[in-house]
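Q: Read top to bottom, the protein sequences are chains A and B. At position 345 of the first sequence the residue is numbered 347 (the working numbering), and the sequence of numbers has no breaks. At position 365 of the second sequence the residue is numbered 446 (the working numbering), and the sequence of numbers has no breaks.
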Amino acid sequence: MDRMIFHIDCNNAFLSWEAAYRLTKGDTLDIRTIPAVIGGNREKRKGIVLASSYPAKKYGIRTGMSLMEACKLCPSLDINPPDYDLYVQCSDEMMALLSKHTPLVERYSIDECFADVTGCYTGDAKDFADMLRNEISSTLGFTVNIGVSNSKLLAKTASGFSKPDKTHELYSDELEEKYFPLPIHKLFMIGFRTCMKLYNLGYRKIGDVAHEDPKLLRKHFKLFGLLIWSNANGVDHSPVRPYDERPKGIGNGMTLPADAETPEEAYPFMLSLCEISSQRLRAAGMQAYTISLGIRTNDFRFNSHQRKLVSPTQSTKEIYNICRMLYNELWDKTPVRGISVRLAGLVTGGTIQLDMLGNNEARQQKIDNCIDGIREKYGDSCLRRASTINSGAEPVAVTTHKKYPKIKPNIMNGA
Amino acid sequence: MKFNCAKTDLLEAVSAVQRAVSNKNIFTVLEGILITTADGNIVLRGNDMEKGIEYTIEGNIEENGSVIVNSRIFGDIARKMPAENNITVITDQNYNVKIDSGSIHMDIKGMDPEGFPAIPEVDKENSIEIDQEFFREMIRQVIFSVGNDDSKPIFKGALMESKENSLNMVSLDGYRMSIRRESLLGTKEGMNVVVPGRALSEVMRLLKNDDDKVNIYYENSQILFDLGNCKLVSNLLQGEYLNYRSIYQSQKFDTEIVIDREKIMEGIDRAMIVITGDNKSPVSMVIENDEMTVNSKTEIGTVTEKISLEKTGLDLRIAFNPKFLLDVFKSINDERIKISFAGSDGPCVIEPVNGEEFLYVVLPVRTS
Numbered sequence: 003m004d005r006m007i008f009h010i011d012c013n014n015a016f017l018s019w020e021a022a023y024r025l026t027k028g029d030t031l032d033i034r035t036i037p038a039v040i041g042g043n044r045e046k047r048k049g050i051v052l053a054s055s056y057p058a059k060k061y062g063i064r065t066g067m068s069l070m071e072a073c074k075l076c077p078s079l080d081i082n083p084p085d086y087d088l089y090v091q092c093s094d095e096m097m098a099l100l101s102k103h104t105p106l107v108e109r110y111s112i113d114e115c116f117a118d119v120t121g122c123y124t125g126d127a128k129d130f131a132d133m134l135r136n137e138i139s140s141t142l143g144f145t146v147n148i149g150v151s152n153s154k155l156l157a158k159t160a161s162g163f164s165k166p167d168k169t170h171e172l173y174s175d176e177l178e179e180k181y182f183p184l185p186i187h188k189l190f191m192i193g194f195r196t197c198m199k200l201y202n203l204g205y206r207k208i209g210d211v212a213h214e215d216p217k218l219l220r221k222h223f224k225l226f227g228l229l230i231w232s233n234a235n236g237v238d239h240s241p242v243r244p245y246d247e248r249p250k251g252i253g254n255g256m257t258l259p260a261d262a263e264t265p266e267e268a269y270p271f272m273l274s275l276c277e278i279s280s281q282r283l284r285a286a287g288m289q290a291y292t293i294s295l296g297i298r299t300n301d302f303r304f305n306s307h308q309r310k311l312v313s314p315t316q317s318t319k320e321i322y323n324i325c326r327m328l329y330n331e332l333w334d335k336t337p338v339r340g341i342s343v344r345l346a347g348l349v350t351g352g353t354i355q356l357d358m359l360g361n362n363e364a365r366q367q368k369i370d371n372c373i374d375g376i377r378e379k380y381g382d383s384c385l386r387r388a389s390t391i392n393s394g395a396e397p398v399a400v401t402t403h404k405k406y407p408k409i410k411p412n413i414m415n416g417a
Numbered sequence: 082m083k084f085n086c087a088k089t090d091l092l093e094a095v096s097a098v099q100r101a102v103s104n105k106n107i108f109t110v111l112e113g114i115l116i117t118t119a120d121g122n123i124v125l126r127g128n129d130m131e132k133g134i135e136y137t138i139e140g141n142i143e144e145n146g147s148v149i150v151n152s153r154i155f156g157d158i159a160r161k162m163p164a165e166n167n168i169t170v171i172t173d174q175n176y177n178v179k180i181d182s183g184s185i186h187m188d189i190k191g192m193d194p195e196g197f198p199a200i201p202e203v204d205k206e207n208s209i210e211i212d213q214e215f216f217r218e219m220i221r222q223v224i225f226s227v228g229n230d231d232s233k234p235i236f237k238g239a240l241m242e243s244k245e246n247s248l249n250m251v252s253l254d255g256y257r258m259s260i261r262r263e264s265l266l267g268t269k270e271g272m273n274v275v276v277p278g279r280a281l282s283e284v285m286r287l288l289k290n291d292d293d294k295v296n297i298y299y300e301n302s303q304i305l306f307d308l309g310n311c312k313l314v315s316n317l318l319q320g321e322y323l324n325y326r327s328i329y330q331s332q333k334f335d336t337e338i339v340i341d342r343e344k345i346m347e348g349i350d351r352a353m354i355v356i357t358g359d360n361k362s363p364v365s366m367v368i369e370n371d372e373m374t375v376n377s378k379t380e381i382g383t384v385t386e387k388i389s390l391e392k393t394g395l396d397l398r399i400a401f402n403p404k405f406l407l408d409v410f411k412s413i414n415d416e417r418i419k420i421s422f423a424g425s426d427g428p429c430v431i432e433p434v435n436g437e438e439f440l441y442v443v444l445p446v447r448t449s
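(1) What is the residue span of the alpha helix (DSSP H) that A/His222 lies within?
(2) Consult DSSP for B/Thr89 and reduce its assignment to one of helix, strand or coil.
(3) May I ask you to list the residues that DSSP assigns as paired with B/Ser208?
(4) Taking A/Pro265 as part of the alpha helix (DSSP H), name the residues at either end of that continuous run.
(5) Consider the Cβ of A/Ala364: report whether some Cβ of chain B lies at a distance smaller than 8 Å.
(6) What residues from the segment 242 to 262 of chain B come within 9 Å of chain A, judged by C-beta to C-beta, listed N to C?
(7) What would DSSP say about A/Pro320, mapped onto helix, strand or coil?
(8) Here's the rule: buried if 16 or more other CB atoms are within 10 angstroms of the residue's CB, otherwise exposed. What is A/Met6?
(9) Nearest-angstrom Cα distance between A/Arg339 and A/Cys73?
(10) For B/Val355, which residues in the same chain have their Cβ closer than 6 Å to its Cβ, ignoring the five residues on either side in sequence?
(11) For a contact meaning CB atoms closer than 7 Å, what does A/Val312 contact in chain B?
(12) Below 8 Å, can you find three or more Cβ-Cβ pairs linking the segment 137 to 145 of chain B to the segment 98 to 113 of chain B?
(13) Run through DSSP, which three-state label would A/Val146 get?
(14) Just verifying my parser: in three-state terms, what is the DSSP assignment at A/Tyr406?
(15) Indicate whether at least one CB of chain A lies closer than 8 Å to the CB of B/Leu444.
(16) Could you tell me whether the Cβ atoms of A/Leu172 and A/Ile186 are closer together than 8 Å?
(17) Is there a Cβ of chain A sitting closer than 8 Å to that of B/Thr456, yes or no?
(18) Could you work out which residues of chain A lie near B/Ser232, taking near to mean beta carbons separated by less than 9 Å?
(19) Please look up how many angstroms separate the CB atoms of B/Met250 and B/Val275, rounded, as I've assumed it's under 8 Å.
(20) For the 8 Å Cβ check, are there 3 or more pairs between the segment 95 to 108 of chain A and the segment 52 to 66 of chain A?
(21) Residues of the segment 387 to 407 of chain B in Cβ contact with chain A at a cutoff of 8 Å, in chain order, please.
(22) Could you give the residue range of the beta strand (DSSP E) that holds B/Asn316?
(23) Against B/Arg221, what residues of chain A qualify as contacts under a CB-to-CB distance less than 9 Å, listed in chain order?
(24) With 8 Å as the threshold, decide whether the Cβ of B/Ile381 is near any Cβ in chain A.
(25) For the putative contact between A/Ser279 and A/Ile252, defined by C-beta atoms under 8 Å, what is the C-beta separation to the nearest angstrom?
(26) If we call anything under 8 Å between Cβ atoms a contact, is A/Asn147 one with A/Asn13?
(27) Can B/Ile328 and B/Phe410 be called in contact, C-beta distance under 8 Å?
(28) Kindly indicate if chain A contains any beta-carbon less than 8 Å away from that of B/Lys190.
(29) Is B/Glu270 near B/Glu245, with beta carbons less than 8 Å apart?
(30) Roughly how many angstroms separate the alpha carbons of A/Thr318 and A/Ile293, rounded to a whole number?
(31) B/Gln319 by DSSP, collapsed to three states: which one?
(32) Apart from the five residues on each side of it in sequence, which residues of its chain come closer than 6 Å, Cβ to Cβ, to A/Ser313?
(33) Are the Cβ atoms of B/Gly127 and B/Ala101 separated by less than 8 Å?
(34) Give the straight-line distance between the Cα atoms of B/Ser259 and A/Lys221, rounded to the nearest whole angstrom.
(35) Quick check: the Cα distance between A/Thr35 and A/Pro337, rounded to an integer number of angstroms?
(36) State buried or exposed for A/Arg9, treating a residue as buried only when at least 16 other CB atoms are found within 10 Å of its CB.
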């Protein structure tokens, strides 16, 4: 039996999600209907455009543009700061909704996923896709495009045909009329550089590449050339893999309010990053074997070092101590602009290697859990390590607006 | 300087001193080997500022002098010259080095020997003499548990301490500890130094498998291992070593087993088959009556094996990082060994059935 694959792509994800969320809070203005963008900071007017509304796009505003430029194009532009926690929640809700229809849902990025719906519906695939689209917009409050095909590659291509809120079909027997005439940059896996290279070699349309001798492409692009060729021919047998939702790594980073000229100036901020990362690690019930620290110097060089542990840890104190050691290894006396802490080699299981030198992981675990509990109840700033006092660093690094309530699908209904 | 020596001798000397030469250093002299001729001997020296190695070979010396040559280049030359010919080395006052071997001629640039840091002299007052083979075995049996945590620098070395007629070597990394005792007639009490693990492993490689002696001289901050034609001087680690006996002496051991070393070693090795890559699952052991059940369970599969043993005391269920146990069992030569357990949270002590030449402590893993 032929597979039936859907590619579900949120239209203007960040902006739609923000709009839907505001409507549920009681706002009357739908920012999707005015020139609006997500990105940066309204007051400081710095940062880049992460997403823009359709009215904003009419002004020539594009994703990746600096906010300064965008404001020049449209002085009345509505600027909204990003909120990743909200996006993760919206993405999760969409995944949950799709999982009700098929177990084979693969999160491809925060705002798109594949679903293998083979045998999960009766009747026409397009009708089923339309039904899903309506269900998402009526229960979650935002619109999606669905690409319908029998492979992931073609489904993804189809969902990009025309937006918003549409279903498109592209089956492997329709390549000649729907796929081959597409311009070369629409080909999956083709970035700017490869696109330029293909263009310079004289290829303009996907069909041009598809009808080429694969040996020639291999000559120009090595093994990648064969992948380009098979993609151009719409060949893709890869299965929809339900994504392993367990995190592979947890990390937090920040740009310091002022460049740190001495380690002592940087440590409080590093500590607050360790607090948030290890708090997240503990919340996930995991321990980390690898701790890595990255520092960005004020000349924008980035370097990182990591340490692998014999016994995994989830203790803020141990993670911070290791980070200090890594900082000293890394730091070349250039003022430091940004720091990031990352925990990897994550394991669940809660085994503790006992230690004879007084590193009492079990005791630290108790202390950390206690601190987490107090902070959960009374807020992150109710308990702070003495070394962060008067340093300007938050007791626990604030990454996003953590205080939004968890959105339930039924709350989103208002949109 | 002009000398001539056998290629094999030169290669042996270069390979030895290269162990104390850093390949990349901000000071180019530290990437070099110092070659000096004096008193009818050719002496090669390497020094990475933590340890220095000095190797003396014989040869025909026509003109005394000294030069620094790049360690990697000179090492490659010594390695790739034909074995049957002697090698002649000539330097001029600008430190240009000519190397000849049969019909092969090479020119390389050397450096002024003035810049080479001297290898510290060690006072000969305190000394210990031991068979090279014995000493090599001692190092092999403790080196694996030397720590590598920069935040606890003292444990990056092994403790060498002398008692009346015995020499002890101890290393621990926080999770396991190795103690090796060698009775050594004529040894005086008083040695108590911590030798960096890296220096010890180089010494281990330099030691030969024969009856030759190694003389060990030590003072406050340096130790010298004198192997005759080869000498290694290392800085000592400063600081107080842990009172290591307290880790096992105050414990109450409720379970004691005597078991075949190879059987348990192979059993753990088999249990580790399903523990791969990033998966660091422990191996659990259940000791009941006269049997131990070794068990490991991961996403890949499960392994269960029963090993017979002699038990005194209580039954026990305990889990370990299998690598820690394997390291210990691999370094022991005894056929049967005694293992004492202080409950499933306490240290586990591995000793010979009779005697006290070694004692290993491994801490278990607590599973929830």
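All residues carry an ideal CB built from backbone N, CA and C; glycine is no exception. If you're wondering where the values come from, they're calculated on a predicted model, not measured in any experiment.
A: A quick look at the data gives this:
(1) In the DSSP assignment, A/His222 falls within the unbroken alpha helix (DSSP H) covering 216 to 223.
(2) Taken through DSSP and simplified to helix, strand or coil, B/Thr89 comes out as helix.
(3) The partner list for B/Ser208 (beta bridge, DSSP) reads B/Tyr298.
(4) Under the DSSP assignment, A/Pro265 falls in the alpha helix (DSSP H) whose first and last residues are 265 to 285.
(5) It does: the Cβ of A/Ala364 has a partner Cβ on chain B nearer than 8 Å.
(6) Within the segment 242 to 262 of chain B, the qualifying residues are Leu253, Asp254, Gly255, Tyr256, Arg257, Met258.
(7) The identity of residue 320 of chain A in the sequence shown is Glu, whereas the question assumes Pro. A/Glu320: helix per DSSP, three-state reduction.
(8) So A/Met6 counts as buried.
(9) Each residue's alpha carbon lies about 27 Å from the other.
(10) In the same chain as B/Val355, and ignoring 5 residues on each side of it, the C-beta atoms closer than 6 Å to its own belong to Ser377, Thr379, Ile381, Gly382, Val384, in chain order.
(11) The contacting residues are Tyr256.
(12) A contact is defined here as three or more CB-CB pairs under 8 Å, and the segment 137 to 145 of chain B fails this definition with respect to the segment 98 to 113 of chain B.
(13) Three-state result, A/Val146: strand.
(14) Because A/Tyr406 sits at a pLDDT of 33, beneath the cut-off of 50, its placement in the model cannot be relied upon, and the following sentence gives the value as read from the coordinates. Coil, per DSSP.
(15) B/Leu444 counts as touching chain A.
(16) No.
(17) Residue 456 of chain B lies beyond the stretch modelled for chain B, which goes from 82 to 449, so this question has no answer here.
(18) Per Cβ cutoff of 9 Å: Asn323, Ile324, Arg326, Met327.
(19) About 11 Å separates the two Cβ atoms, so there is no contact after all.
(20) In short, these stretches do not touch, since the Cβ pair count stays below three.
(21) Within the segment 387 to 407 of chain B, the qualifying residues are Ala400, Asn402.
(22) For B/Asn316, the enclosing beta strand (DSSP E) has its first and last residue at 311 to 316.
(23) The premise fails here: B/Arg221 is roughly 21 Å from chain A at the closest Cβ pair, so nothing lies under 9 Å.
(24) Taking a beta-carbon distance threshold of 8 Å, B/Ile381 does not count as an interface residue toward chain A.
(25) Contact between A/Ser279 and A/Ile252 holds, since their C-beta atoms are separated by about 5 Å, short of 8 Å.
(26) Yes, they are a contact pair.
(27) No.
(28) No, its Cβ sits nowhere closer than 8 Å to a Cβ of chain A.
(29) In this structure, B/Glu245 lies closer than 8 Å to B/Glu270 by Cβ.
(30) Straight-line Cα distance between these residues: approximately 11 Å.
(31) Three-state result, B/Gln319: coil.
(32) Around A/Ser313: Gln355.
(33) With contacts defined as CB atoms closer than 8 Å, B/Gly127 and B/Ala101 qualify as a contacting pair.
(34) Answer to the nearest angstrom: the Cα atoms are 58 Å apart.
(35) Rounded to whole angstroms, A/Thr35 to A/Pro337 spans 45 Å at the Cα level.
(36) A small fix is needed here, since residue 9 of chain A is His in this sequence, not Arg. Buried.
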